[in-house]
Every structure is written in structure tokens, then in C-alpha cells.
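The C-terminal position of the sequence shown is numbered 1584 in our numbering, with every residue numbered one higher than the one before it. All C-beta atoms in this analysis are idealised placements derived from N, C-alpha and C, irrespective of residue type, glycine included. Bear in mind that the values here come from a model prediction, so they are computed numbers and not experimental data.
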Amino acid sequence: MALRVAIALVLLTASVASAQDATRMAMARVRLTTDPKLPIGCTTLGTVDDTSVKDLRRKVVRLGGDTALLSFPPNDLERMNAVVFRCPASSLAPAAARPPAPPAGPPPPPPNGAAAIQLPPPPSGAPPPPPPPGSAPASK
């Protein structure tokens, strides 16, 4: 009898641990953003709010979401409001895997108003021969 209780306790502990790991993994995958363009094409699930990022992520997972659009009320600087979304897997590709957006227009001007220095191209043909030995000034 004691052996059965011990086995049941081990199995129960293992299932609770695996459930916690699954919740922790789901919380780690939650994307938090303030960009309203990110959840376009996603399904809205509801809203949540909290003062803790960890608790906010937990609430997003409980609603079945994977993305939260954050806002911060001006009268309570510790609170975060979030609209919860479930997005298609294709829209959640990591930003590093996406190709960079092509630059729009001419390149920005150099900082501090400095003019861009345009160096002439190197002359075509063979490079000049090295200077004769002893013609260079002596180094100190």
C-alpha cells in the first residue's frame, strides 16, 4: 500500500511539473508589443491588465493568446493594459528570420551636418613600384 502511494505521489508530482513547464514555455513565447501593426490579421481574445509582466504573460496564456498589445494608463504608471491576440504561426516568425526592409529614398545625411567625403576611385593599371632602399626618412 505504501509503495502504491509513493508511486502515485511521484506520478502526480511529475505531471504537475510537466504542466508547469508547459505553462512556462507558453509564457516565454508570448510576444509583448506596443506596435499596433503587429497583431493585424490575428484573432482578438480579450483584455487583461496587471502590474507584473510575469502575471500579465500568465493571463495572456490563460486566455489562449500568444501576442499582447500593451498600453500604459497615464494615471497609474505601474499598471499595464493589454489586448490579447492569437496570431497565425506565420506572423510570429522571429524578426531576425524576416528579410530586412529595403531602404526608402536616399541615405540619411551624415551626423553633425558634416559633408560626406567622396574619395576618387583608385587609378586603373598596375600599382607603382616601391621606393628605392634608403629613400624613406629614418624612423625615430
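Buried versus exposed call for residue i [16 or more other C-beta atoms within 10 Å across all chains shown]
| i | result |
| --- | --- |
| T1488 | exposed |
| T1495 | exposed |
| K1481 | exposed |
| D1510 | buried |
| R1473 | exposed |
| R1468 | exposed |
| P1483 | buried |
| P1575 | exposed |
DSSP-derived helix/strand/coil call for residue i
| i | result |
| --- | --- |
| D1493 | strand |
| L1521 | coil |
| T1467 | helix |
| L1513 | strand |
| A1472 | helix |
| A1570 | coil |
| L1482 | coil |
Rounded straight-line distance, which links the Cα of residue j to that of residue i
| i | j | result |
| --- | --- | --- |
| G1578 | P1567 | 27 Å |
| M1524 | G1508 | 19 Å |
| M1471 | P1550 | 41 Å |
| L1521 | D1465 | 31 Å |
| V1505 | F1516 | 20 Å |
| P1518 | L1476 | 19 Å |
| P1564 | C1486 | 52 Å |
| G1569 | Q1562 | 21 Å |
| L1500 | A1526 | 8 Å |
| R1530 | K1503 | 13 Å |
Cβ pair residue i, residue j closer than 8 Å
| i | j | result |
| --- | --- | --- |
| L1514 | T1478 | yes |
| A1512 | V1497 | no |
Residues that DSSP places opposite residue i in a beta bridge
| i | result |
| --- | --- |
| V1527 | T1491, L1513 |
| T1477 | L1513 |
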